[in-house]
Amino acid sequence: MSSSSVEPPIQRAVAYIVSQELCKISSLLPSNRQRSYLVHALINTFRLTSRVEGRLLKLVPPRPAALKELGAYHTRDYIDYVLDDGAVDEEDGDSSEFGLEDDCPRFRGLSSYVQLVAGASLTAAQTLLKPSPLGGIHFDIALCWDGGRHHAQKSHAAGFCYVADCVLLLLALKRAPVTQEGRKPRVMYLDLDLHFSDAVSQALHTPALHTGVIPQVLTLSIHHSAPGFFPLSSLSSLPDPSSSDFSPFSLSLPLKQGASNSTFTRIWPSVERVRAAYKPDYIVIQCGVDGLAGDPCGVWNWSLGGEGGLGWCVNHALQWPGKKVLLGGGGYNSPNAARAWTYLTSIAMDDPLPLDSEIPDHKAFPLYAHSFTLDVPAGTMQDTNTESYLSQVEVRFGEVAALIEARDSLGT
Ligand SMILES: [Zn+2]
1 MSSSSVEPPI
11 QRAVAYIVSQ
21 ELCKISSLLP
31 SNRQRSYLVH
41 ALINTFRLTS
51 RVEGRLLKLV
61 PPRPAALKEL
71 GAYHTRDYID
81 YVLDDGAVDE
91 EDGDSSEFGL
101 EDDCPRFRGL
111 SSYVQLVAGA
121 SLTAAQTLLK
131 PSPLGGIHFD
141 IALCWDGGRH
151 HAQKSHAAGF
161 CYVADCVLLL
171 LALKRAPVTQ
181 EGRKPRVMYL
191 DLDLHFSDAV
201 SQALHTPALH
211 TGVIPQVLTL
221 SIHHSAPGFF
231 PLSSLSSLPD
241 PSSSDFSPFS
251 LSLPLKQGAS
261 NSTFTRIWPS
271 VERVRAAYKP
281 DYIVIQCGVD
291 GLAGDPCGVW
301 NWSLGGEGGL
311 GWCVNHALQW
321 PGKKVLLGGG
331 GYNSPNAARA
341 WTYLTSIAMD
351 DPLPLDSEIP
361 DHKAFPLYAH
371 SFTLDVPAGT
381 MQDTNTESYL
391 SQVEVRFGEV
401 AALIEARDSL
411 GT
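So the sequence shown is residues 1 to 412, counted in UniProt numbering.
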């Protein structure tokens, strides 16, 4: 008997996009300094990369994105400007034109950051599209915790985001081979970050309802909404099928202050209905964690665990048919971001860590005071999402799902 025949068959193969270089360069991001180090160190210290029976978490190093790949979305002028390392110390008038000011300052390493973070998300796409050259593994899920920069625009940086890796990833997945039924692949983008996915929704927006064609990408952003809350976008309100610019493929699910597990439990069937109507072949989930309790944004009161928690939602989405990419995103309590993405990594492996797991001793251990456990529990903030509002959400999304089903039944 050969040694390979005694290995248990792999039930789930997960690609974990990481390298020392990616971790080092992502840790320089001004809005999230050192966060990447904490995330990858915690995943490593929980030994999630060791093979467990029937499951494989394989480290896949990213490659830097080529200029041409960045140009699939960004303008040439923007690419040339952000990749020019010589301009870091220079004051020039173009910084504001390209959004490199205020919350998106230039920083040393920006050019490598842009190329490597874009390359990381494109590597995630590639692992799902082709068998790995290392052993011919077919990956079901790819994890890219340094990606998920959903505010970066075509020609300017915005909201701590310098590169539109989400858009580049979606464009790459659109080019996947036709399905067994002979139709073009469909990709669903689900954004769980506290903030609306303005740049992604705008980039993939297909305004015309009357064309009758089912677009290859559907975007759905569940986010906080309040007057003046970043980012302002005409696409960020509850879908209204009676409105002239309505599209059932560009969806927004705004929530109010204090959104908690019970609100997510209530809205989740609406997300499921849209998914079932659209029948995507690939699902990209932006897992921003700035809506978790304890984040400095202080807006929602969402937990990592429990029914309706972030882990529960992602676990449900991972049960859907199709291949998945999980991305990072916002999250300004870095130890909590590390807790959350470590927990989601264990969920992606179909072997969830207990939430009361003690943080193993490692260099960053003191930062996990005072609980020193994996959990990110809810706080005391009141959830202001009322039953009447949530039932309005349910009705609107029911209409949206029915419209997608009707369009799909026409075979377009
Ligand atoms: Zn955010």
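Yeah, the Cβ is synthetic: ideal placement off N, Cα and C, and Gly gets one too.
Please name the residue in 17, 45, 161 and 321 whose C-alpha comes closest to that of residue 339.
Nearest option by C-alpha distance: 45.
Is residue 58 closer than 8 Å to residue 137 when the C-beta atoms are compared?
At the C-beta level, residue 137 and residue 58 come within 8 Å of one another.
Closer than 5 Å from C-beta to any heavy atom of ligand 1: which residues, in chain order?
Every residue passing the under-5 Å Cβ criterion appears here: 193, 194, 195, 288, 290 and 330.
List, from N- to C-terminal side, the beta strand (DSSP E) runs of 3 residues or more that fit wholly inside the stretch 312-386.
Qualifying beta strand (DSSP E) stretches, in chain order: 323-327.
Extent of the continuous alpha helix (DSSP H) run through residue 47
Following the DSSP letters along the chain, one finds residue 47 in no alpha helix (DSSP H), marked with neither H nor E.
Rounding to the nearest angstrom, what Cα-Cα distance links residue 197 and residue 188 in this structure?
So the two alpha carbons sit approximately 13 Å from each other.
Between the stretch 243-258 and the stretch 388-408, can you find at least three pairs of beta-carbon atoms closer than 8 Å?
Enough Cβ pairs lie closer than 8 Å, so yes.
Since residue 295 and residue 322 should fall inside the 8 Å C-beta cutoff, what is the C-beta to C-beta distance between them, to a whole number of angstroms?
Actually they are not in contact, since the Cβ atoms of residue 295 and residue 322 sit about 30 Å apart, beyond 8 Å.
Do the CB positions of residue 225 and residue 254 come within less than 8 Å of each other?
Closer than 8 Å, so yes.
DSSP state of residue 219, grouped into three classes?
DSSP, read as helix, strand or coil, puts residue 219 in strand.
Does the count of Cβ pairs from the stretch 54-74 and the stretch 356-370 closer than 8 Å reach three?
With fewer than three CB-CB distances shorter than 8 Å, the stretch 54-74 does not count as touching the stretch 356-370.
Would a C-beta distance cut-off of 8 Å place residue 191 and residue 150 closer than the cut-off?
For the 8 Å CB-CB criterion, residue 191 and residue 150 form a contact.
Once the 5 residues before and after residue 17 are set aside, which same chain residues still bring their CB inside 7 Å of it?
Cβ within range, chain order: 60, 62, 120, 123, 124, 142, 143 and 144.
Cβ neighbours of residue 377 in the same chain (closer than 8 Å, five flanking residues each side left out)
Within the same chain, residue 377 has close Cβ partners 293, 303, 304 and 305.
Option nearest residue 216 by Cα separation, candidates 257, 222, 242 and 178:
Of the listed residues, the one whose Cα sits closest to residue 216 is 178.
Using C-beta distances below 6 Å, list every residue in its chain close to residue 99, excluding the 5 sequence neighbours before and after it, in chain order.
The beta carbon of residue 99 sits closer than 6 Å to those of 156, 157 and 158, all from its chain and outside the five residues before and after it, given in chain order.
Mind reading off the beta-carbon distance from residue 81 to residue 94? Whole number of angstroms is fine, and I expect it under 8 Å.
A Cβ-Cβ distance of about 6 Å is found for the pair residue 81 and residue 94, placing them in contact under the 8 Å criterion.
Restricting to runs no shorter than 3 residues, where is the beta strand (DSSP E) found entirely within the stretch 98-182?
Listed in chain order, the beta strand (DSSP E) runs fully inside the stretch 98-182 are 141-144, counting runs of at least 3 residues.
According to DSSP, which residues form a beta bridge with residue 255?
Answer is 224.
Going by beta carbon distance, what residues of the same chain come within less than 7 Å of residue 320, once the five residues before and after it are set aside?
Cβ within range, chain order: 275 and 283.
Give me whichever residues DSSP pairs with residue 300 in a beta bridge.
Assignment of beta-bridge partners to residue 300 by DSSP yields no partner.
Taking Cβ to Cβ, would you say residue 251 is nearer than 8 Å to residue 239?
Residue 239 is positioned such that its CB atom lies closer than 8 Å to that of residue 251.
Identify which residue in 333, 351, 30 and 298 has its Cα closest to the Cα of residue 161.
Residue 30 is the option with its Cα nearest to residue 161.
Could you say which of 78, 218 and 231 lies nearest to residue 170 if we only look at CA atoms?
Nearest C-alpha to residue 170: 218.
Using the rule of at least 16 other Cβ atoms within 10 Å of the residue's Cβ for burial, across every protein chain shown, is residue 127 buried or exposed?
Classification for residue 127: buried.
When 290, 312 and 387 are compared against residue 355, the one with the closest alpha-carbon
The shortest Cα separation from residue 355 among 290, 312 and 387 belongs to 312.
Residues bridged to residue 52 [DSSP beta-bridge criterion]:
Looking at the DSSP assignment, residue 52 forms a beta bridge with 55.
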